[in-house]
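**Student:** Residue numbers (the numbering used here): 2 to 604.
Take a look at this one; I'll ask things after.
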Ligand code: ADP
Ligand code: ZN
């Protein structure tokens with residue numbers, strides 16, 4: 002295994018679970034492999050394909066992605082091909098011949114194609130030994146990317162009884178996992194679940210106060226680097242893109258309301274590294290294979306922790322550091338709820354799933370307003386243990402928040418206001434009463450007569466809302482999940498009123514020093530020490546040209562991590578270059594001399 006991995010990919014070791022996953026394929030046992038994005042799922046089916054005779058059929062959901070995958074494999078000297086509807090009958094016949102002659106080891110197809118009886122007949126004539134189902138959660142209704150075409154995959158085992166079936170996904174929930182195994186009719190599968198932490202990502206959650214300046218602060222930390230800014234609504238995408246362009250950022254918009262051409266242009270520009278910032282709705286998602294995405298910003302809360310994990314997972318796939326910032330307001334939940342109930346731009350209302358969706362919303366809301374380490378919260382959400390006491394890579398552990406002074410008194414004021422309002426009102430109203438707002442809705446109900454009226458005068462709505470949700474997330478208050486959520490007391494509310502609770506409320510440090518570099522460079526990043534930045538930029542420039550000439554995305558040539566290591570090690574011989582991470586035999590032969598030339602010129 003290691004020999005193949007080194008020869009073709011230039012890696013010196015396997016990642017956790019890769020060996021087991023490869024072993025399952027080699028042994029012909031069905032498998033379900035769950036690893037976070039960037040965990041290295043593809044190697045799990047690519048390595049065995051090289052080690053065995055026969056053809057491995059890879060099902061991949063997007064044609065655009067498929068081409069990049071095939072190009073990437075070819076650049077590593079792996080015999081791969083794709084079959085799609087744009088090929089001529091002549092090309093198809095040539096491909097079939099290659100398959101027959103064993104010249105193709107990995108065949109990429111779309112689920113639609115694999116559903117076609119004629120195609121299955123063709124496959125029957127080739128020696129198919131296994132099927133690799135990428136993004137396997139697309140088969141499940143419980144996942145976040147359901148695709149009806151995937152359902153056709155359930156008959157694979159019937160029609161190809163001798164081939165094994167392997168499912169790969171980054172979706173961690175039990176329900177989806179179970180569904181995948183069932184829908185694919187997996188036979189006694191080896192279930193391999195990786196560790197969900199992404200140590201190279203730094204997570205921050207900040208109350209959303211003033212969108213554009215807050216976003217610009219993040220962008221300034223990432224000059225010249227790639228990132229995605231997610232918005233909930235299309236109109237936010239449009240206005241934010243315009244605002245960024247006005248400030249001379251190289252930003253493009255992406256949402257399902259744009260024409261196919263416009264969307265394709267954004268994709269292509271981003272992929273080719275001609276554009277660095279994409280402002281998008283979640284429609285910009287799968288198929289973002291650019292491995293050097295250095296930041297992900299959410300301008301509002303996403304609709305589930307799964308989505309958040311999935312969307313932030315698009316950063317730092319090369320193992321280098323990346324920053325994920327979530328701008329949050331307690332009002333985000335309300336917007337989502339109304340979109341889920343009535344349908345929104347990119348959401349179909351689906352009453353069958355409403356209850357589950359609302360549960361998901363409450364979970365992500367609890368995460369956003371929570372005060373525990375973000376890495377811990379995410380890992381524990383997915384049912385795993387988090388060992389370190391501090392991650393050194395989140396706003397909480399980096400000390401970017403501070404304790405609210407007199408948290409106990411603040412909390413008591415909030416809880417007693419919920420009590421005075423007879424547990425019959427939502428957060429919005431409770432906040433208005435606490436702030437002592439002179440508004441119709443309060444006067445009408447005589448709530449200006451309550452003893453708790455105006456107890457938190459002088460604090461902003463955002464501030465109080467943040468505290469309310471922190472109390473909810475710590476269990477001192479409960480928010481019902483009805484259509485109009487109401488705040489309730491809980492069993493622990495009384496301990497809080499007696500001052501017996503061990504309570505903390507956090508708030509961002511307002512006069513925060515500019516976040517230093519260190520903060521976005523967690524210690525666990527697969528990266529050691531400084532490198533020659535000028536050389537790195539020269540290498541990047543060369544890579545961009547090379548990629549354009551070959552009509553492939555730059556990462557197919559070399560990843561950022563490889564370029565950084567070259568800029569660090571500055572190899573002057575081919576043998577030394579071959580030792581660098583990500584340089585295998587095929588790439589050494591194609592690019593070695595050129596890279597050595599650039600290194601030598603720079604010195
Ligand atoms: P996933 O499909 O799980 O999101 P990929 O298969 O795209 O992840 O792998 C992410 C990155 O990690 C790729 O650049 C891949 O080549 C690299 N990678 C995978 N396995 C290893 C390994 N054993 N050693 C070093 N890098 C690896
Ligand atoms: Zn932390």
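Backbone N, C-alpha and C fix where the C-beta goes; we use that ideal spot for every residue, glycine too.
Keep in mind it's a predicted model, so treat the numbers as computed, not measured.
Could you say if the region 57 to 67 and the region 130 to 144 meet the contact criterion of at least three C-beta pairs nearer than 8 Å?
**Tutor:** The region 57 to 67, when compared against the region 130 to 144, does touch it at the 8 Å Cβ threshold.
**Student:** Check whether the Cβ of residue 398 lies closer than 7 Å to any heavy atom of ligand 2, and answer yes or no.
**Tutor:** Yes.
**Student:** Let's test the definition: count the other Cβ atoms within 10 Å of the Cβ of residue 514 and tell me whether it reaches 16, buried, or not, exposed.
**Tutor:** Annotation note: pLDDT 46 at residue 514 (below 50); position unreliable, no value reported.
**Student:** With H, G and I counted as helix, E and B as strand and the rest as coil, what does DSSP make of residue 559?
**Tutor:** Residue 559: coil per DSSP, three-state reduction.
**Student:** At what residue ranges does the region 72 to 155 contain a whole run of the beta strand (DSSP E), taking only runs of 3 or more?
**Tutor:** Qualifying beta strand (DSSP E) stretches, in chain order: 81 to 83, 107 to 110, 129 to 134.
**Student:** Can you find a heavy atom of ligand 1 that lies under 7 Å from the Cβ of residue 319?
**Tutor:** Correct: residue 319 has its Cβ closer than 7 Å to ligand 1.
**Student:** What are the complete alpha helix (DSSP H) segments, minimum 4 residues, inside the region 428 to 461?
**Tutor:** Complete alpha helix (DSSP H) runs here, min 4: 428 to 436, 441 to 445.
**Student:** Check whether the region 382 to 398 touches the region 193 to 203, counting contact only when three or more Cβ pairs, one atom from each stretch, lie closer than 8 Å.
**Tutor:** As far as the Cβ criterion goes, the region 382 to 398 touches the region 193 to 203, which means the pair count is three or higher.
**Student:** Taking contact to mean 3 or more Cβ pairs, one atom from each stretch, closer than 8 Å, check whether the region 439 to 454 and the region 498 to 513 are in contact.
**Tutor:** No: fewer than three Cβ pairs fall under 8 Å.
**Student:** Nearest CA to the CA of residue 420: which residue from 49, 116, 533, 479?
**Tutor:** The residue with the shortest Cα to Cα distance from residue 420 is 479.
**Student:** Cβ atoms of residue 296 and residue 226: under 8 Å apart, would you say?
**Tutor:** Yes.
**Student:** Terminal residues of the continuous alpha helix (DSSP H) containing residue 324?
**Tutor:** Where residue 324 is concerned, there is no enclosing alpha helix (DSSP H), although the beta strand (DSSP E) it sits in stretches over 323 to 329.
**Student:** Return helix, strand or coil for residue 493, following the three-state DSSP convention.
**Tutor:** Correct three-state label for residue 493: coil.
**Student:** Looking at residue 36: is its Cβ nearer than 8 Å to the Cβ of residue 195?
**Tutor:** Cβ distance < 8 Å, so residue 36 and residue 195 count as in contact.
**Student:** Is the beta carbon of residue 485 within less than 7 Å of some heavy atom of ligand 1?
**Tutor:** Incorrect: residue 485 has no Cβ contact closer than 7 Å to ligand 1.
**Student:** Whole angstroms are fine: how far does the CA of residue 87 sit from the CA of residue 47?
**Tutor:** Straight-line Cα distance between these residues: approximately 25 Å.
**Student:** In this structure, how does DSSP classify residue 215 when only helix, strand and coil are distinguished?
**Tutor:** Looking at residue 215 - three-state DSSP - the assignment turns out to be helix.
**Student:** Where DSSP assigns a beta bridge to residue 301, which residues make up the other side?
**Tutor:** Answer is none; residue 301 lacks a bridge partner.
**Student:** Less than 8 Å between the C-beta atoms of residue 593 and residue 563, yes or no?
**Tutor:** It is not a contact, given that the beta carbons lie outside the stated cut-off.
**Student:** Alpha carbon to alpha carbon, how far is residue 586 from residue 11?
**Tutor:** When rounded, the distance between both Cα atoms is 8 Å.
**Student:** Name the one or two DSSP bridge partners that residue 165 has.
**Tutor:** Paired residue(s): 131.
**Student:** Do you know how far the Cα of residue 306 is from the Cα of residue 367?
**Tutor:** One C-alpha to the other measures close to 10 Å.
**Student:** I'd like to confirm something about residue 325: is its beta-carbon nearer than 7 Å to some heavy atom of ligand 2, or not?
**Tutor:** False, no ligand heavy atom lies under 7 Å from that Cβ.
**Student:** Tell me the residue span of the beta strand (DSSP E) that contains residue 204.
**Tutor:** It spans 202 to 208 - the beta strand (DSSP E) in which residue 204 sits, taken as one unbroken run.
**Student:** Using the Cβ count rule (16 or more neighbours within 10 Å means buried), how would you classify residue 520?
**Tutor:** With a pLDDT of 43 at residue 520, under the threshold of 50, the predicted position of this residue should be treated as unreliable, and no value is reported.
**Student:** Among the residues of its own chain, which have a CB less than 6 Å from the CB of residue 49, if the five just before and after it don't count?
**Tutor:** So the qualifying residues of the chain are 23, 26, 27.
**Student:** Of the residues 171, 112, 127, which one's Cα is nearest the Cα of residue 1?
**Tutor:** Residue 1 is absent from the model: the chain starts at 2 and stops at 604.
**Student:** Any contact between the region 72 to 83 and the region 168 to 176? By contact I mean 3 or more CB pairs, one from each, below 8 Å.
**Tutor:** Cβ pair count under 8 Å is below three, so no.
**Student:** Quick check on the DSSP output: the alpha helix (DSSP H) that includes residue 175 runs from which residue to which?
**Tutor:** Counting along the chain, the alpha helix (DSSP H) containing residue 175 begins and ends at 175 to 184.
**Student:** Excluding sequence positions up to five away, which residues of its chain have a Cβ less than 8 Å from the Cβ of residue 408?
**Tutor:** Excluding positions up to five away in sequence, the list reads 504, 505, 506.
**Student:** In the region 243 to 274, which residue ranges form an unbroken beta strand (DSSP E) of at least 3 residues, counting only runs that do not cross its ends?
**Tutor:** The region 243 to 274 contains these whole beta strand (DSSP E) runs: 252 to 255.
**Student:** Using only CA atoms, which one of 185, 13, 410 lies nearest to residue 496?
**Tutor:** Looking at the Cα atoms, 410 is the closest of the given residues.
**Student:** Nearest CA to the CA of residue 357: which residue from 370, 342, 369, 371?
**Tutor:** It is 342 whose Cα lies nearest to the Cα of residue 357.
**Student:** Looking at C-alpha atoms only, which residue of 380, 294, 557 is the closest neighbour of residue 174?
**Tutor:** For residue 174, the nearest C-alpha among the options comes from 380.
**Student:** State the DSSP-derived secondary structure class of residue 520, mapped to helix, strand or coil.
**Tutor:** Interpretation of residue 520 is limited by its pLDDT of 43, a score under 50 that renders its predicted location unreliable; the figure taken from the coordinates is listed afterwards. DSSP places residue 520 in helix when its eight states are reduced to three.
**Student:** Return the chain-ordered list of same chain residues with a C-beta closer than 6 Å to the C-beta of residue 40, the five sequence neighbours on each side being excluded.
**Tutor:** Counting only Cβ-Cβ distances below 6 Å, and skipping sequence neighbours, we find 195.
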